[in-house]
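Worksheet: one structure, shown below.
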Amino acid sequence: GGGGQQQQQQQRPSLFESISRGILMYMVVSMGAKMLFPQHQRAPAASTGLSPSAGAGGGGGDGDAMVMSEPSALQRMVGGMAPDVKIPKFATHDAEGKPLPPHRCTFKSNEPVEMRVYLTEHEEFEPRRDVDKLAWKEGMRMGWKDKEERAKDIKLPMTPHLLNNGSMHAHVFFIKAGNTMDKNHPKYIPENVAYKHIQLNKYRKKKKKPKLHSLLGTDEEELEAEDQGILGGSGSGAAAEACVGDDGESCASLAVSEGTLAVSHETDGDVELWESYWRPSLHLSLILDLPVFGRNQIPPQVAQHMDFLPDGSFRPLVYHDTFWTLASSYLHVNATLEELPLDMRYKHMGFWRFHLQSSMEEQWRMQQRMGTGTEEETDKFREMLTEANPYLLGLTAVVSLFHMLFDFLAFKNDISHWRQKKSMEGLSLRTILVNCFFQLVILLYLMDNDTSWMIIISNGIGLLIEFWKINKVLKVSFHAVEGRTLPEVRFTA
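673 is the number that my numbering gives to position 189 of the sequence shown; each next residue is one higher, with no gaps.
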């Protein structure tokens with residue numbers, strides 16, 4: 485009886501542990517409540533907020549306050565959002581305390597709409613300057629009754645601007661019938677125009693070829709010269725500023741030759757080579773079935789794609805569909821190309837499909853930013869989705885899940901078995917050391933061959949467990965020695 489009471493007293497948490505758990509639970513519940521149920525905010529009597537849109541719209545005026553806020557770290561991780569993305573927040577109540585209306589699309593269902601696509605070498609669109617750059621014009625209706633898919637194939641001539649690492653831009657407008665896209669026109673109405681800017685070329689970092697030593701007697705200097713060679717020929721050097729990739733980041737110091745962009749870093753003196761690639765497709769979609777969102781209740785991963793007006797309404801969502809565009813289909817821009825093909829297509833897209841595709845694309849981009857994924861791996865996944873049997877894909881997914889589950893159970897049982905061992909009688913230290921060596925060689929081989937991260941992580945955990953077993957068999961101790969900087973390591977059985 486006395487021993488049982490003493491054991492129960494030892495199992496009871498201390499007062500400090502109880503208070504700590506209570507504070508932690510309060511913080512978690514409060515954080516969840518703030519994310520799910522934002523507090524009401526009253527709008528000021530007059531607001532001069534401007535629309536965050538950089539496109540056709542942008543008007544401001546008297547309306548409801550709108551501020552840009554940064555998503556939380558959890559929201560960025562779940563939504564795969566870029567570090568510079570900010571989400572607008574709107575007032576939920578007016579100055580008198582009355583609730584403001586929900587977020588609605590400014591285009592109504594089955595409304596006639598005109599699509600215009602302008603192709604220019606300028607990042608900013610000016611109607612008077614670029615009015616003659618119209619490449620595609622189509623009329624349609626904003627609804628599923630108009631299911632026709634539009635398509636147009638064109639070829640653009642190669643220009644010196646593109647050869648010198650310039651960019652080509654597509655300015656896409658969706659305009660209500662009878663309206664204008666010119667912001668300087670007196671009949672211009674911001675909510676009647678949806679806009680999307682798309683850069684048609686992309687800059688990629690030039691892959692460095694490894695320095696090879698030929699066993700057949702080839703001159704090593706030729707191999708090094710080939711490593712330092714620049715694709716696209718040697719053009720006249722120039723200074724320029726260009727956008728690297730699709731994220732809008734600009735380079736600092738550039739040295740230009742045909743088809744290659746050299747970026748110099750002042751910190752370490754290294755030079756990175758960037759190459760311009762042409763995207764041969766331009767697939768556009770208007771997102772239909774957009775729901776009516778409650779005030780400030782739009783998911784951040786959806787809100788980052790929206791173009792809001794100051795009162796909280798939003799223009800139609802114009803989506804540039806690159807989900808099925810393989811990175812291997814991009815064309816390297818150099819003097820050997822006389823024309824650049826462009827396959828332009830348009831079709832309506834449902835909100836659920838847009839949400840699924842955009843979320844996957846954001847996750848891929850986040851993995852590439854973190855270094856855990858590459859364009860080649862993304863291409864393989866796209867090819868697998870298009871070419872493989874869907875039943876085989878489902879079976880592969882199920883087998884992969886079971887493989888991860890069995891790996892986890894094996895690690896758990898192995899650790900619990902070794903933790904409960906009191907005696908190491910009958911165990912071979914040599915066998916454990918050999919297993920550690922083999923596991924290390926296998927892990928290095930997998931990393932060198934760009935194996936899937938799921939397999940690398942699994943083998944890495946297994947290697948750590950093998951090293952932990954050495955500590956169970958041998959007692960590792962460190963002893964300071966006079967005259968030495970590093971301590972002496974001793975192993976005792």
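Idealized CB from N, CA, C, for every residue including glycine. Keep in mind it's a predicted model, so treat the numbers as computed, not measured.
Three-state secondary structure (DSSP) of residue i
i, result
"His606", "coil"
"Lys953", "helix"
"Gln788", "coil"
"Gln523", "Bear in mind that the predicted position of Gln523 carries a pLDDT of just 45, short of 50, making it too unreliable to give a figure here."
"Leu757", "strand"
"Ile638", "strand"
"Ile571", "strand"
"Lys689", "strand"
"Leu738", "Unreliable positioning characterises Leu738 in this predicted model, as indicated by a pLDDT of 43, which lies under 50. The coordinate reading is nonetheless provided below. Three-state DSSP puts Leu738 in a strand."
"Tyr929", "helix"
"Val776", "coil"
"His669", "coil"
"Pro783", "coil"
"Pro611", "helix"
"Ser900", "helix"
"Leu947", "helix"
"Pro874", "helix"
"Leu793", "coil"
"Asn649", "coil"
"Thr915", "helix"
"Thr880", "helix"
"Trp808", "coil"
"Ser936", "coil"
"Gln712", "Residue confidence is low: Gln712 scores 44 on pLDDT, short of 50, so the model does not pin down where it sits. Its coordinate-derived value is still stated next. Coil at Gln712, not helix or strand."
"Ile503", "helix"
"Asp480", "Nothing can be reported for residue 480, as the shown portion of the chain is limited to 485 through 977."
"Leu924", "helix"
"Ser907", "coil"
"Trp628", "coil"
"Ser593", "coil"
"Leu885", "helix"
Residues that residue i bridges to, as DSSP identifies them
i, result
"Glu598", "Gly623, Ile659"
"Glu972", "His963"
"His816", "Tyr761"
"Ala654", "Leu603, Ile682"
"Val677", "Ile659"
"Val802", "Leu770"
"Leu508", "Bridge partners of Leu508: none, in fact."
"Val587", "Strictly speaking, residue 587 in this sequence is His, with Val absent from that position. Note: His587 sits in a beta bridge opposite Phe777."
"Leu618", "Tyr602"
Pick from the options that is closest to residue i, judged by C-alpha positions
i, options, result
"Phe865", "Arg903, Phe886, Ser936, Ile926", "Ser936"
"Gln781", "Ser797, Leu768, Leu770, Ile673", "Ser797"
"Leu810", "Arg837, Phe792, Arg763", "Arg763"
"Leu930", "Ile949, Leu917, Gly944", "Gly944"
"Arg903", "Val883, Ile939, Cys920, Glu950", "Glu950"
"Gly636", "Gly778, Ala619, His645", "According to the sequence shown, residue 636 is Lys rather than Gly. Considering only alpha carbons, the answer is Ala619."
"Leu684", "Ile940, His669, Val601, Ile673", "Val601"
"Pro572", "Leu793, Ser760, Glu632", "Leu793"
"Asp827", "Thr604, Asn933, Thr806", "Thr806"
"Asp791", "Ile939, Ile503, Glu759, Phe657", "Phe657"
"Gly834", "Val802, Asp863, Ser900, Asn897", "Val802"
"Leu766", "His804, Phe886, Lys631", "His804"
"Val677", "Cys589, Leu757, Glu632, Gly650", "Cys589"
"Val569", "Val786, His653, Leu911", "Val786"
"Ser843", "Trp758, Glu756, Gln788, Arg634", "Gln788"
"His653", "Glu632, Lys671, Glu605", "Glu605"
"Ser812", "Asp578, Leu840, Asn649, Lys686", "Lys686"
"Lys592", "Glu823, Asn897, Asp773", "Asp773"
"Lys671", "Pro775, Leu970, Tyr679, Ile659", "Ile659"
Any chain B beta carbon closer than 7 angstroms to residue i
i, result
"Lys570", "Here chain B cannot be found, since the structure has a single protein chain."
Exercise. For the region 661-673 against the region 861-876, are there 3 or more C-beta pairs whose distance is under 8 angstroms?
Worked result: In this structure the region 661-673 does not lie against the region 861-876, because fewer than three pairs of beta carbons, one per stretch, are closer than 8 angstroms.
Exercise. Which runs of the beta strand (DSSP E), 3 residues or longer, sit entirely within the region 818-868?
Worked result: List check, beta strand (DSSP E) in window: 823-830.
Exercise. Can we say the region 817-827 touches the region 846-853, given the rule of at least three CB pairs closer than 8 angstroms?
Worked result: no
Exercise. Would you say the region 640-660 touches the region 566-585, given that touching needs at least three Cβ pairs under 8 angstroms?
Worked result: no
For this session: For the region 586-599 and the region 621-628, state whether three or more C-beta atom pairs, one from each stretch, are separated by less than 8 angstroms.
Result: yes
Exercise. Is the number of C-beta pairs between the region 611-619 and the region 775-794 that are closer than 8 angstroms three or more?
Worked result: Judged by Cβ distances under 8 angstroms, the region 611-619 makes no contact with the region 775-794, as fewer than three pairs qualify.
Exercise. With a cut-off of 8 angstroms, do at least 3 Cβ pairs link the region 944-957 to the region 917-927?
Worked result: yes
Exercise. At a cut of 8 angstroms, does the region 891-901 reach the region 963-975 through at least three beta carbon pairs?
Worked result: no
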